[in-house]
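Scroll down for the structure; my scribbles are underneath it.
Numbering (the numbering used here), first residue to last: 968 to 1077.
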């Protein structure tokens, strides 16, 4: 059962990595395409908009001082300096997607 419950957050991360809002329908379609049973009650716990899940990921992945830096207002110069941060965020999404696929393959093999 723990393997099935692991699939819900992984599906949510996968959907988020595709720059989409995480909804029950999208989680269910991921489960359907992988041949995994979908339980709506559990799936509803992982439904959230892109901003919410993005902020959760940024807080968990950033160092302790990073949260205060994210709150500070940004000027035009600072937005130019954020280009590497955006590239890092894109790379992080790609890594999350690859981890998701690896976990799904492990679940399907067992």
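The beta carbon of each residue, even a glycine, is placed where N, CA and C say it ideally should be. Small disclaimer: the values here were computed from a predicted structure and weren't measured.
Check, Outcome
"Can the beta-carbon of residue 1020 be found closer than 7 Å to that of residue 975?", "no"
"Tell whether a beta-carbon distance below 7 Å holds between residue 984 and residue 1060.", "yes"
"Determine the direct distance from the alpha carbon of residue 1025 to that of residue 1062, and round the result to whole angstroms.", "14 Å"
"On the DSSP bridge list, what partners appear for residue 1015?", "989"
"From residue 998 to residue 990, what distance separates their C-alpha atoms?", "12 Å"
"Have a look at 1014, 1002 and 1003 and flag the residue whose alpha-carbon is nearest the alpha-carbon of residue 980.", "1014"
"Quick check on residue 1050: buried or exposed, where buried means 16 or more other Cβ atoms within 10 Å of its Cβ?", "exposed"
"When the distance is taken between beta carbons, is residue 1016 closer than 7 Å to residue 1055?", "no"
"Alpha carbons only, please: which of 993, 992 and 1003 is nearest the one belonging to residue 973?", "1003"
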